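One structure is given here, and the rest of the page talks about it.
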Amino acid sequence: MLFGIEAQTIYFFTLIIIGCMTIIYILFSDFLDGFTDGIPFFNPAVILAFITITSASGFLLEQLSPFTSLIVLIISCIISAILSTLLYFFILVPLKSAEVSLAYTEESLEGQVGKVIVPIPENGFGEVVIETVNGIISKRATGYDNEAINYEDDVLIIEVKQGTLFVKKYYSPFK
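In terms of the numbering used here, the sequence shown opens at residue 799 and continues consecutively.
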């Protein structure tokens, strides 16, 4: 009994209130993250998860175990601390450090297949377009063995030097 209310009732209402706050936080987390960026080790998602897990395990332990309310609170806090730590280090930190980038390196183009959009003359330059998950990239190209390559021919990128693609005509076994 705390303030004349049974412990399991407190756990139950805490679970409902914090569960609703968690849903609201999920909906407005991008907006709220701007306020907490300057505070290290403060993550509202972890705090809400800690309270939610504590109240859920406290409610269950009050209902199903013979322990006193103080022991139930201690066990619930330990369980919640372990699960919240795992949530933080194995889910939230990797998600926060993951970046979505549209950048590419020239080395990442090697081995890809492109299509000639400006014909490549013998001992000259043309242009090749490469479709990647990041979008369409258009680059200057020359024949790897200085051969001529026609418009709309598929080419394999052999090497990239100083922004120029060195390509060979590519014959797809699936065409």
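Built from N, CA and C at the ideal position, the CB exists for glycine as well.
Note that the structure is predicted; figures quoted are calculated from it, not measured.
Looking only at its own chain, which residues have a Cβ that is under 8 Å from the Cβ of residue i, when we skip the five neighbours before and after it?
{"i": "residue 934", "result": "927 and 928"}
{"i": "residue 902", "result": "930, 932 and 935"}
{"i": "residue 944", "result": "920 and 921"}
{"i": "residue 949", "result": "914, 915, 916 and 917"}
In terms of alpha-carbon separation, which member of the options lies closest to residue i?
{"i": "residue 911", "options": "849, 867 and 951", "result": "951"}
{"i": "residue 976", "options": "932, 930, 962 and 948", "result": "Residue 976 is absent from the model: the chain starts at 799 and stops at 973."}
{"i": "residue 850", "options": "811, 825 and 829", "result": "811"}
{"i": "residue 913", "options": "830, 817, 964 and 816", "result": "964"}
{"i": "residue 932", "options": "869, 906, 871 and 819", "result": "906"}
{"i": "residue 866", "options": "894, 805 and 960", "result": "805"}
{"i": "residue 848", "options": "885, 942 and 922", "result": "885"}
{"i": "residue 904", "options": "842, 882, 868 and 960", "result": "960"}
{"i": "residue 827", "options": "923, 942 and 890", "result": "890"}
By DSSP, does residue i sit in helix, in strand, or in coil?
{"i": "residue 866", "result": "coil"}
{"i": "residue 972", "result": "coil"}
{"i": "residue 939", "result": "strand"}
{"i": "residue 828", "result": "helix"}
{"i": "residue 923", "result": "coil"}
{"i": "residue 840", "result": "coil"}
{"i": "residue 905", "result": "helix"}
Would residue i and residue j be called neighbours here (beta carbons separated by less than 8 Å)?
{"i": "residue 791", "j": "residue 956", "result": "Missing from the structure shown is residue 791; the chain here goes from 799 to 973 and no further."}
{"i": "residue 938", "j": "residue 920", "result": "no"}
{"i": "residue 846", "j": "residue 809", "result": "no"}
{"i": "residue 908", "j": "residue 958", "result": "yes"}
{"i": "residue 842", "j": "residue 830", "result": "yes"}
Taking 7 Å as the limit between beta carbons, can you name the residues of its chain near residue i, skipping five residues before and five after?
{"i": "residue 970", "result": "952"}
{"i": "residue 946", "result": "918, 919 and 920"}
Spatial neighbours of residue i within its chain, please: CB distance less than 6 Å, with the 5 preceding and 5 following residues excluded, ordered by chain position.
{"i": "residue 968", "result": "911, 952, 953 and 954"}
query: Do the stretch 843-856 and the stretch 871-878 meet, that is, are 3 or more Cβ pairs less than 8 Å apart?
result: yes
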